[in-house]
Amino acid sequence: MAAILIASRIRGRRTGRFWPLVAVVLTAGVALSGMAYAANNSVQGAKKEDGYEIDAPTAILIEAKSGSILFEKNADELRAPSSMMKLMTAEVVFNALKKGEIKPTDEFRISENTWRKGGAPSGGSTMFAAINSRVSVDDLLRGAVIQSGNDSCMALAEGLSNTEAAFAERMTKRARELGLTKSTFGNSSGLPDPGNKMTVRELAMLARHIVLTYPDQYKLFGEREFTWNKIRQQNRNPLLTMLEGADGMKTGHTKEGGYGMVGSAVQNGLRLIVVVNGLTDPDDRATEAKKLLEWGFRNFEARTLFAANQAVGFARVFGGESRSVKLASPEPIKVMVQRNGTDKLVARIVYTGPVRAPVEPGQRIGVLKVWRGSNIAMESPLVAAEPVATGSTTRRAMDGASELVIGLFRAGAEKL
Numbered sequence: 001m002a003a004i005l006i007a008s009r010i011r012g013r014r015t016g017r018f019w020p021l022v023a024v025v026l027t028a029g030v031a032l033s034g035m036a037y038a039a040n041n042s043v044q045g046a047k048k049e050d051g052y053e054i055d056a057p058t059a060i061l062i063e064a065k066s067g068s069i070l071f072e073k074n075a076d077e078l079r080a081p082s083s084m085m086k087l088m089t090a091e092v093v094f095n096a097l098k099k100g101e102i103k104p105t106d107e108f109r110i111s112e113n114t115w116r117k118g119g120a121p122s123g124g125s126t127m128f129a130a131i132n133s134r135v136s137v138d139d140l141l142r143g144a145v146i147q148s149g150n151d152s153c154m155a156l157a158e159g160l161s162n163t164e165a166a167f168a169e170r171m172t173k174r175a176r177e178l179g180l181t182k183s184t185f186g187n188s189s190g191l192p193d194p195g196n197k198m199t200v201r202e203l204a205m206l207a208r209h210i211v212l213t214y215p216d217q218y219k220l221f222g223e224r225e226f227t228w229n230k231i232r233q234q235n236r237n238p239l240l241t242m243l244e245g246a247d248g249m250k251t252g253h254t255k256e257g258g259y260g261m262v263g264s265a266v267q268n269g270l271r272l273i274v275v276v277n278g279l280t281d282p283d284d285r286a287t288e289a290k291k292l293l294e295w296g297f298r299n300f301e302a303r304t305l306f307a308a309n310q311a312v313g314f315a316r317v318f319g320g321e322s323r324s325v326k327l328a329s330p331e332p333i334k335v336m337v338q339r340n341g342t343d344k345l346v347a348r349i350v351y352t353g354p355v356r357a358p359v360e361p362g363q364r365i366g367v368l369k370v371w372r373g374s375n376i377a378m379e380s381p382l383v384a385a386e387p388v389a390t391g392s393t394t395r396r397a398m399d400g401a402s403e404l405v406i407g408l409f410r411a412g413a414e415k416l
């Protein structure tokens with residue numbers, strides 16, 4: 001199992017190009033200068049030779065702590081997320097609670113619009129909140145997460161943003177802040193709307209963010225039942241009773257989106273997150289999600305690529321006392337790998353450079369991206385591991401001349 005480390009920089013705004021500076025070929029699992037590498041088994045498509053097949057049109061399996069991708073199939077295909085989109089509604093509310101914008105005890109009114117479109121008269125999933133009643137944020141969240149109540153989501157949307165349309169805009173803005181670049185939202189509930197589009201990759205990213213950022217609120221997803229207005233409803237997530245360690249997260253179904261599920265489970269201290277979408281049968285989504293999680297728990301383990309604060313590589317510095325700065329991660333950099341696997345990975349340091357002096361320790365410089373084939377297995381931010389002071393006038397002049405020559409060379413190469 002082999003691995004390659006490539007340091008790259010992106011000059012100026014040219015974020016679509018990588019400029020290779022150095023490449024080192026390593027044997028995975030064997031330490032070299034304190035650095036050990038291993039590959040994961042991220043796959044594109046349901047290929048038998050990759051070790052696993054799945055019937056879901058789109059699917060992804062990730063490890064929550066590192067974000068390592070264990071399996072993917074059409075993971076960037078935009079589809080209607082249906083009620084799985086309620087995860088985004090929940091995140092916006094969780095974030096508002098965290099910032100102190102609202103309190104769990106605050107009460108929002110159930111408007112006639114909410115009651116008719118999402119409540120008892122709608123015929124869809126609902127918490128059965130009474131028209132014109134006032135319900136606490138805490139109970140509305142339970143209605144949205146446990147009962148998949150459309151009225152719950154609409155009441156939260158109107159309570160926070162006055163209108164559901166304004167809340168949907170807030171959802172999209174928040175999604176961009178979280179790095180969800182493709183997701184768009186037309187409402188708060190996931191009911192059919194042309195504006196509701198997400199990929200399974202971004203659903204997994206969102207689920208991971210909720211798990212890591214809101215551990216207390218995440219417990220809601222594992223609650224088995226909730227009673228409101230004297231009506232008791234079971235949690236709609238079948239994984240809670242099908243798989244050991246399952247404690248989340250959300251199912252979804254619309255005619256246009258098919259049946260889908262975001263699931264999460266912990267076994268032996270390892271948390272995996274699965275997303276499947278586009279299936280034609282509700283039983284299939286549960287079965288496929290369960291099988292994929294079991295496959296992940298059975299076949300993968302964590303390997304450390306770099307220890308915390310261990311040197312990962314170097315970035316070029318402009319106008320500094322030193323011409324480069326050491327890069328590291330304050331946390332261990334780990335990737336999930338298939339046991340006894342023989343895959344190859346490429347680890348690339350990507351940064352916008354050269355980095356201008358002065359450089360402070362802990363300053364965010366770039367990111368370490370790990371690929372298996374054409375698929376990204378994981379990403380980890382890198383920071384400066386040491387200070388670099390501003391250099392002399394002569395040093396800055398020399399660096400300026402060097403960058404000018406390099407720029408002219410690149411411009412000429414692009415014209416060829």
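Under UniProt numbering, the first residue of the sequence shown carries the number 1, and numbering increases by one thereafter.
Even for Gly, the Cβ is constructed at its ideal location relative to N, Cα and C.
Short check: CB of residue 252 to CB of residue 279, under 7 Å? If you check the CB distance, residue 252 and residue 279 do not come in under 7 Å.
Note down, in chain order, each residue of its chain lying with its Cβ closer than 8 Å to the Cβ of residue 137, except the 5 sequence neighbours on either side. Residues 93, 97, 102, 103, 104, 105, 106, 107, 108, 156, 159 of the same chain have their beta carbon placed closer than 8 Å to that of residue 137, with the five preceding and five following residues left out of the count.
Where DSSP assigns a beta bridge to residue 379, which residues make up the other side? 369, per the DSSP bridge assignment.
Hey, how far is the Cα of residue 249 from the Cα of residue 82? Those two C-alpha atoms are separated by around 14 Å.
Checking the sheet assignment: what are the DSSP bridge partners for residue 324? Here residue 324 is bridged, per DSSP, to 316.
What do you get for residue 141, buried or exposed, if any count of 16 or more other CB atoms within 10 angstroms of its CB means buried? Label assigned to residue 141: buried.
Determine the extent of the beta strand (DSSP E) in which residue 297 is found, giving its start and end residues. Run containing residue 297: none in the beta strand (DSSP E); it sits in the alpha helix (DSSP H), 282-299.
Count the other CB atoms within 10 Å of the CB of residue 147; is the residue buried (16 or more) or exposed (fewer)? So residue 147 counts as buried.
Residue 327 and residue 382: beta carbons closer than 7 Å? Yes, the Cβ-Cβ distance between residue 327 and residue 382 is below 7 Å.
Within its chain, find whatever has a CB closer than 8 Å to the CB of residue 195; leave out the 5 residues flanking it on each side and keep chain order. Closer than 8 Å at Cβ, skipping near neighbours: 168, 184, 185, 186, 187.
For residue 264, which residues from the same chain have a beta carbon less than 6 Å from its beta carbon, with the 5 sequence-adjacent residues on both sides left out? So the qualifying residues of the chain are 248, 249, 273.
Taking the C-alpha atoms as reference points, what is the distance between residue 238 and residue 291? Taken atom to atom, the span from the alpha-carbon of residue 238 to that of residue 291 is near 13 Å.
Would residue 354 pass as a contact of residue 318 if the rule is Cβ separation under 7 Å? Taking C-beta atoms as the reference points, residue 354 and residue 318 count as a pair closer than 7 Å.
Three-way DSSP call (helix, strand, coil) for residue 198 in this model: Here residue 198 sits in strand by DSSP.
Would you mind reading off the limits of the beta strand (DSSP E) that contains residue 248? For residue 248, the enclosing beta strand (DSSP E) has its first and last residue at 246-254.
Rounded to whole angstroms, what's the CA-CA distance from residue 323 to residue 163? Just pull it up for me. Cα to Cα, residue 323 sits roughly 54 Å from residue 163.
Report the residue from 312, 320, 330, 288 whose alpha carbon sits nearest the alpha carbon of residue 348. Nearest in C-alpha terms to residue 348, of all of 312, 320, 330, 288, is 312.
If you reduce the DSSP assignment to three classes, tell me which class residue 329 lands in. Here residue 329 sits in coil by DSSP.
Residue 219 classed as buried or exposed, judged by whether at least 16 other C-beta atoms fall within 10 angstroms: Under a 10 Å Cβ-count criterion, residue 219 is classified as exposed, with fewer than 16 other Cβ atoms of the shown protein chains found around its own Cβ.
Given residue 208 as reference, the closest of 299, 58, 69 once Cα atoms are compared: Restricting attention to 299, 58, 69, the CA atom closest to the CA of residue 208 is found in 69.
Cα-Cα separation, residue 227 to residue 126: Going by the C-alpha atoms only, they are around 12 Å apart.
Hey, quick one: how far does the alpha helix (DSSP H) through residue 218 stretch, first residue to last? Counted as a single uninterrupted DSSP element, the alpha helix (DSSP H) harbouring residue 218 occupies residues 215-218.
Consult DSSP for residue 102 and reduce its assignment to one of helix, strand or coil. Residue 102: coil per DSSP, three-state reduction.
Thinking just about the alpha-carbon of each residue, which of 203, 287, 321 is nearest to the one in residue 180? Scanning 203, 287, 321 for the CA closest to the CA of residue 180 turns up 203.
When you compare each of 91, 58, 391 to residue 72 by their alpha carbons, which one comes out closest? When each option's Cα is compared against that of residue 72, the closest is 58.
Rounded separation between residue 261 and residue 270 - CA only: Going by the C-alpha atoms only, they are around 20 Å apart.
Terminal residues of the beta strand (DSSP E) in which residue 72 lies: Element bounds for residue 72: 69-73.
Taking just the CA atoms, how far does residue 380 sit from residue 41? Low confidence applies to residue 41: its pLDDT is 32, below 50, so where it sits in the model is not reliable, and the reading given next is rough at best. So the two alpha carbons sit approximately 18 Å from each other.
I need the straight-line Cα distance from residue 301 to residue 333, nearest angstrom please. Roughly 14 Å separates the two Cα atoms.
Which of the three DSSP states, helix, strand or coil, is assigned to residue 344? Residue 344 sits in coil when the DSSP states are folded into three classes, being neither helix nor strand.
Rounded separation between residue 79 and residue 285 - CA only: Counting only the Cα atoms, residue 285 lies some 15 Å from residue 79.
DSSP-derived helix/strand/coil call for residue 210: Note: residue 210 maps to helix in three-state DSSP.
Leaving out five residues on either side along the sequence, give the residues of the same chain with a beta carbon under 6 Å from the beta carbon of residue 60. Cβ neighbours of residue 60 within its own chain (closer than 6 Å, five residues either side excluded): 72, 75, 200, 201, 204, 275.
On the DSSP letters alone, give me the boundaries of the beta strand (DSSP E) that residue 339 sits inside. Neither: residue 339 is in no beta strand (DSSP E) and is coded neither H nor E.
Does the Cβ of residue 132 have 16 or more other Cβ atoms within 10 Å, making it buried, or fewer, making it exposed? Result: exposed.
Straight-line gap, residue 377 to residue 310 (C-alpha atoms, nearest Å): Cα-Cα distance, rounded: 20 Å.
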